[in-house]
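Protein chains: 2
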Amino acid sequence: MTPQKTIERISLYRRVVSDLLAKGKNRAYSHEIAKLAGVKSSQVRHGFMFIGTNGKANSGYDLRELQGRIEGFLTADKPDSYCIVGIGNLGRAVLAFFHARHKNLEIKAAFDKDPALKNRVFHGCRCYSIDDAKEVIRKEGISLGIIAVPAEQAQAVAQILIEAGIRGIVNFAPVPLKLGQGIVVENVDLAMYLEKVAFFTRNVS
Amino acid sequence: MTPQKTIERISLYRRVVSDLLAKGKNRAYSHEIAKLAGVKSSQVRHGFMFIGTNGKANSGYDLRELQGRIEGFLTADKPDSYCIVGIGNLGRAVLAFFHARHKNLEIKAAFDKDPALKNRVFHGCRCYSIDDAKEVIRKEGISLGIIAVPAEQAQAVAQILIEAGIRGIVNFAPVPLKLGQGIVVENVDLAMYLEKVAFFTRNVS
DNA sequence: TGTAAATTGTTAAAAGATTAACGCTGCTAA
DNA sequence: TTAGCAGCGTTAATCTTTTAACAATTTACA
């Protein structure tokens, strides 16, 4: 199984590779990719082992092929899709960040309890009432969810999503969710990152 | 030196402890804290070694004292402060998340290049022109920065911040920043988390 | 063609993080 | 007041991740 950290880096490489291609480059060495991604070249090569490597000694990697391999590795053949619950500032920011960027991975529906938002479209994503979550999720075949609601509501929202068939959750609410076995969760705790940087800046290396 | 992961968990415990206190509880066992934080009890006890422990065998931790120790450990005696650059959706979300929550750690100034935002106050934080960054940062004694601008501008913003004396950065722009030695950076890549969860949901445990 | 220089893919070593284990302390109740 | 239990603090073992090392391969060029 590919380690978590390796997956995170591969996602980074995806962006680096696509930037290089956009600049008209066709090939790159592991140390070039590493520099741009802010990691070690040995990490790049090591990571590429998981996706099946395509480098040539002394002439690096074909970027177009590499891009294809990374996409194929990170996303499935059949497209996966997300829904997002909570269209506050954070929800909108996530939609903006993610909109139309990813092959086979898309945010297909948004939910909010504010009726004023119903049927509005944010970054290409229509907002539904949270009461229709189960129905919409089933109809659209959505399997992943993003929780961007206040902490108090996060657990309840998670429950709704899971009952509707969601198997993986990115949780921005600053509470650890209690979920059954087999559900993948990634907690992204914004305030925690600020504390962490404050700590390590004070207690310098 | 305290490991990164331990710091992240201690930040979590801070919240758990404060929730328990808010519920009127005075003491808790390591396994109770662990349950609420979604970690192992041995991790809790192990982590507490770094902050100086105050448990009593068979009767757990005094929560008020624990709270004090955690605050004292995570933040300095002298208050540290952040500025944030970019008051789009994400910037506002971060301000909302963090506002008035933390002892000795505060977001004291916001910057944006949009003149319409100048002097407006968001969640208790005044917005200045990015052109005044250096001056405001010096005057307010700010040492930490949050970058919440589009990817293209992130590196330039980082440069400005560092020249103004910032030593630690939380970077929400999806590009690795190139910074000199001794600057602490935490990259928080929202889109990456979505890819990661998609991956691990598909390639189940 | 053959030699030198550079970079890959992979394996092995080092570093870092998590988990388990356990002696010791303090509480409870006979 | 002592026996038994429960939970703390710490150390040691396991597991994961990162880094380094190097043989094998490719290119460049004499």
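So the protein lines, in turn, are chains D and R. No gaps in the numbering here: position 186 of the first sequence is 328 in this note's numbering, and each next residue is one more. No gaps in the numbering here: position 199 of the second sequence is 341 in this note's numbering, and each next residue is one more. Note that beta-carbon positions come from the ideal geometry of N, C-alpha and C, so glycine has one too. In this text, all values refer to a predicted model and were calculated from it rather than measured experimentally.
Beta-carbon neighbours of residue i, restricted to chain D and to distances below 8 Å
i                 : result
Arg234 of chain R : Asn231
Pro316 of chain R : Arg157 and Phe239
Gly283 of chain R : Those do not exist, as Gly283 of chain R stays about 14 Å from chain D at its closest Cβ, beyond 8 Å.
Lys198 of chain R : Result: empty, since nearest Cβ-Cβ is about 26 Å, beyond 8 Å.
Reference residue i, options the options, closest by Cα
i                 : options                                   : result
Ala179 of chain D : D:Val346, D:Arg151, D:Asp274 and D:Asp204 : D:Arg151
Ala238 of chain D : R:Phe341, R:Ala290 and R:Pro318           : R:Ala290
Cys267 of chain R : R:Glu277, R:Asn231 and R:Cys225           : R:Cys225
Glu282 of chain R : R:Arg262, R:Pro257 and R:Ala252           : R:Ala252
Ser172 of chain D : D:Gly166, D:Thr144, D:His265 and D:Leu208 : D:Leu208
Gly214 of chain R : R:Val326, R:Val159 and R:Asn246           : R:Asn246
Ala306 of chain R : R:Asn329, R:Ala275, R:Pro316 and R:Ala293 : R:Ala275
Gly230 of chain R : R:Asp222, R:Leu216 and R:Ala258           : R:Ala258
Val330 of chain R : R:Val158, R:Ala298, R:Val317 and R:Phe341 : R:Val317
Lys310 of chain R : D:Glu337, D:Thr343 and D:Pro292           : Note that residue 310 of chain R is Gly in the sequence shown here, rather than Lys. The option with the nearest alpha carbon to Gly310 of chain R is D:Thr343.
Ala199 of chain R : R:Gly210, R:Arg187, R:Arg206 and R:Phe192 : R:Arg187
Phe240 of chain D : R:Leu162, R:Ala176, R:Arg243 and R:Ala293 : R:Ala293
Arg243 of chain D : D:Asn196, D:Ser160 and D:Leu332           : D:Ser160
Ile279 of chain D : D:His265, D:Arg156, D:Ile302 and D:Val263 : D:Ile302
Leu332 of chain D : D:Val326, D:Phe314 and D:Pro145           : D:Phe314
Leu205 of chain R : R:Phe190, R:Val263, R:Phe264 and R:His265 : R:Phe190
Arg348 of chain R : R:Asp256, R:Gly322, R:Arg156 and R:Cys269 : No answer is possible for residue 348 of chain R: it lies beyond the span of chain R, which begins at 143 and ends at 347.
Gln185 of chain D : D:Pro145, D:Glu277, D:Val263 and D:Asn261 : D:Pro145
Per-residue contacts from residue i into chain R (C-beta, under 8 Å)
i                 : result
Met140 of chain D : Lying before the first or after the last residue shown, residue 140 of chain D is absent from chain D, which here runs from 143 to 347.
Leu247 of chain D : Leu336, Glu337 and Ala340
Asp222 of chain D : Ala340, Thr343 and Arg344
Integer-rounded CB distance, given that residue j should sit under 8 Å from residue i
i                 : j                 : result
Ala300 of chain D : Leu319 of chain D : 5 Å
Ala296 of chain R : Leu232 of chain D : Ala296 of chain R to Leu232 of chain D, Cβ: 19 Å. No contact.
Leu154 of chain R : Met334 of chain D : 7 Å
Arg169 of chain R : Gly202 of chain R : 5 Å
Glu328 of chain D : Lys338 of chain R : 6 Å
Val346 of chain D : Gly324 of chain R : 7 Å
Glu248 of chain R : Ser271 of chain R : Not a contact, Cβ separation roughly 21 Å.
Phe341 of chain R : Ile149 of chain D : 5 Å
Leu336 of chain R : Val312 of chain D : 6 Å
Val227 of chain R : Ile288 of chain R : 7 Å
Proximal chain R residues relative to residue i, where beta-carbon distance stays under 7 Å
i                 : result
Gly180 of chain D : Pro318
Arg243 of chain D : Ala333
Under 7 Å from the C-beta of residue i: neighbouring residues of chain D
i                 : result
Phe341 of chain R : Ile149 and Leu216
Val326 of chain R : Val339, Phe342 and Thr343
Val312 of chain R : Tyr335, Leu336 and Val339
Contacts that residue i makes with chain D (C-beta to C-beta distance below 9 Å)
i                 : result
Val330 of chain R : Val330, Leu332 and Tyr335
Runs of beta strand (DSSP E) wholly within the segment 187-245 of chain R (minimum 3 residues, chain order): Segments of the beta strand (DSSP E) lying fully in the segment 187-245 of chain R: 202-204 and 222-227.
query: Along the segment 298-310 of chain R, what residues have a CB closer than 8 Å to any CB found in chain D?
result: For the segment 298-310 of chain R, which is checked against every Cβ of chain D, the residues closer than 8 Å are Arg309 and Gly310.
- request: Could you tell me which uninterrupted beta strand (DSSP E) segments, each at least 3 residues in length, are contained entirely in the segment 257-290 of chain D, listed from first to last along the chain?
  value: Scanning the segment 257-290 of chain D from its first residue to its last, the whole beta strand (DSSP E) runs of 3-plus residues come out as 267-271 and 286-289.
- prompt: At a Cβ cut of 8 Å, what residues of the segment 159-170 of chain R count as close to chain D, listed as they run along the chain?
  reply: Residues: none.
- request: Could I get the ranges of all uninterrupted alpha helix (DSSP H) runs contained in the segment 153-192 of chain D, with 4 residues as the minimum, in chain order?
  value: Counting only runs of 4 or more, we get 172-179.
message: By the 8 Å beta-carbon criterion, what residues does the segment 262-286 of chain R contribute toward chain D?
response: Contacts with chain D (Cβ-Cβ distance below 8 Å) from the segment 262-286 of chain R involve Ser285 and Leu286, listed in chain order.
- prompt: Where are the beta strand (DSSP E) runs, 3 residues long or more, that stay fully inside the segment 295-326 of chain D, in chain order?
  reply: Taken in chain order, the whole beta strand (DSSP E) runs of length 3 or more contained in the segment 295-326 of chain D are 310-313.
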